[in-house]
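Notes to accompany the following structure.
In UniProt numbering, the protein residues as written are 1 to 345.
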């Protein structure tokens, strides 16, 4: 076994009738745990190294509690002891290396590491994760395999209860697992688990943040941050705007938004933006859009495809009100977010 372990999580899981994990909640997952923690786990459980997911019983948790106390990890030891009272399966997931996940428990650990800001989007491998996750009804009685939902609903009705179904998806909302410090969220259902919200971020009611995507600092999000898109500190996504993710037509290009950018209301990008860029309201730029590049006198010096401008800083994208042509010129105006909007996060 290597001297460093990628990540570890101890939590509570839910399984369907076939024993497949629907989800696992890890209250305090960690990246690069101390070697003494891994030694305690190996001493007290059946973990023998590598990437593994184990179900711990009461005796395992007793031994783990004592082993962690012995090496001075008081908080983790207390959590192991507390979990002995769980009526749901207690899950230990250890990832010695950052490999493509092998089961839903590993997927959930990685998604929660992102939402806990332990790793940033694109900093952990999620290859093949969709094939591992079970389509799940997220309900007032917890996660239920969609194939088992009708029977559970009938049983509940017979007992005088109604099961409310909030969503049917392979992903739950982030806030049922993680509420990061220093953020405001208008509609929690629009933030998927695996989103990364930087401290100081406000997501208004129409804002949406997908998994393995999000903000790295203070941002106002009133538009859509698609899967894989990362938004830099101080950038503002206006109402109804859209960023094209790699799953929705962006190809292999990873779309990123730099710092202090503004994407106007109902605008959109299919290219990356550097720092201090502005996209005019209502203007959608795809990688193949023809863009007239202007000099300081507003004269056209060249016409290029938008992908050739991807990632460049200090650009203003606008549409000519007379001809409808997309134009680009140097952006001389810095975008300053209203600090009052982010107060008291």
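C-beta: ideal position from N, C-alpha, C; glycine also. All of these numbers come straight from a predicted model, not from anything done at the bench.
Status (buried if at least 16 other CB within 10 Å, exposed otherwise) for residue i
i: residue 295; result: exposed
i: residue 236; result: buried
i: residue 368; result: Past the edges of the chain, shown from 1 to 345, lies residue 368, and the structure says nothing about it.
i: residue 158; result: exposed
i: residue 209; result: buried
i: residue 160; result: exposed
i: residue 200; result: buried
i: residue 110; result: buried
i: residue 130; result: exposed
i: residue 78; result: exposed
i: residue 150; result: exposed
i: residue 344; result: With a pLDDT of 47 at residue 344, under the threshold of 50, the predicted position of this residue should be treated as unreliable, though the coordinate-derived value follows. The residue in question, residue 344, is exposed, as its Cβ has fewer than 16 Cβ neighbours within 10 Å.
i: residue 162; result: exposed
i: residue 323; result: exposed
Inter-residue Cα distance where the pair is residue i and residue j
i: residue 169; j: residue 33; result: 31 Å
i: residue 328; j: residue 153; result: 56 Å
i: residue 6; j: residue 30; result: 9 Å
i: residue 248; j: residue 73; result: Here the model assigns residue 248 a pLDDT of 48, short of 50, so the residue's position is not dependable and the matter cannot be decided.
i: residue 189; j: residue 139; result: 13 Å
i: residue 192; j: residue 166; result: 13 Å
i: residue 269; j: residue 213; result: 15 Å
i: residue 69; j: residue 27; result: 19 Å
i: residue 155; j: residue 164; result: 13 Å
i: residue 4; j: residue 38; result: 9 Å
i: residue 231; j: residue 76; result: 33 Å
i: residue 250; j: residue 118; result: Caution is warranted here: a pLDDT of 46 is assigned to residue 250, below 50, making its placement in the model unreliable, and the coordinate value is therefore given only provisionally. Distance between the alpha carbons of residue 250 and residue 118 is about 27 Å.
i: residue 52; j: residue 8; result: 10 Å
i: residue 128; j: residue 225; result: 21 Å
i: residue 305; j: residue 255; result: 16 Å
i: residue 57; j: residue 311; result: 51 Å
i: residue 346; j: residue 320; result: No answer is possible for residue 346: the residues shown for the chain start at 1 and end at 345.
i: residue 220; j: residue 65; result: 43 Å
i: residue 134; j: residue 147; result: 10 Å
i: residue 50; j: residue 71; result: 22 Å
i: residue 20; j: residue 14; result: 8 Å
i: residue 137; j: residue 143; result: 6 Å
i: residue 272; j: residue 217; result: 18 Å
i: residue 59; j: residue 120; result: 36 Å
i: residue 22; j: residue 172; result: 10 Å
i: residue 141; j: residue 35; result: 38 Å
i: residue 309; j: residue 126; result: 29 Å
i: residue 334; j: residue 283; result: Low confidence applies to residue 334: its pLDDT is 45, below 50, so where it sits in the model is not reliable enough to give any reading.
Residues near residue i by beta carbon distance below 8 Å, same chain, minus five either side
i: residue 12; result: 24, 25, 83, 86, 88, 89, 90 and 91
i: residue 238; result: 222, 223, 262, 263, 264, 265, 266, 267 and 281
i: residue 122; result: 212, 228, 230 and 254
i: residue 275; result: 232, 258, 259, 260, 261, 313 and 314
i: residue 346; result: Residue coverage of the chain in this structure runs from 1 to 345, which leaves residue 346 outside it and unanswerable.
i: residue 17; result: 145 and 148
i: residue 180; result: 115, 116, 117, 197 and 199
i: residue 307; result: 253, 271, 287 and 288
7 Å CB neighbourhood of residue i in its chain, flanking five on each side removed
i: residue 132; result: 101, 103, 104 and 107
i: residue 55; result: 89, 90 and 91
For residue j and residue i, believed in contact at Cβ under 8 Å, the rounded distance
i: residue 206; j: residue 240; result: 7 Å
i: residue 81; j: residue 61; result: 7 Å
i: residue 194; j: residue 215; result: No, residue 194 and residue 215 are not in contact; Cβ-Cβ is about 14 Å, not under 8 Å.
Own chain residues within Cβ distance below 6 Å of residue i, not counting five before or after
i: residue 292; result: 300, 303, 325 and 327
i: residue 41; result: 47
i: residue 124; result: 98 and 110
i: residue 204; result: 186 and 222
i: residue 10; result: 92
i: residue 318; result: 280 and 327
i: residue 67; result: 40, 43 and 44
Kindly confirm or deny that the segment 229–249 and the segment 270–290 touch, where touching means at least three C-beta pairs closer than 8 Å. As far as the Cβ criterion goes, the segment 229–249 touches the segment 270–290, which means the pair count is three or higher.
Is there contact between the segment 167–187 and the segment 41–61, where contact requires at least three CB pairs shorter than 8 Å? Using a C-beta cut-off of 8 Å, the segment 167–187 makes no contact with the segment 41–61, since fewer than three inter-stretch Cβ pairs fall below that distance.
How about the segment 182–193 and the segment 88–101: do they share at least three Cβ pairs that are nearer than 8 Å? Fewer than three pairs of CB atoms, one per stretch, sit closer than 8 Å, so the segment 182–193 makes no contact with the segment 88–101.
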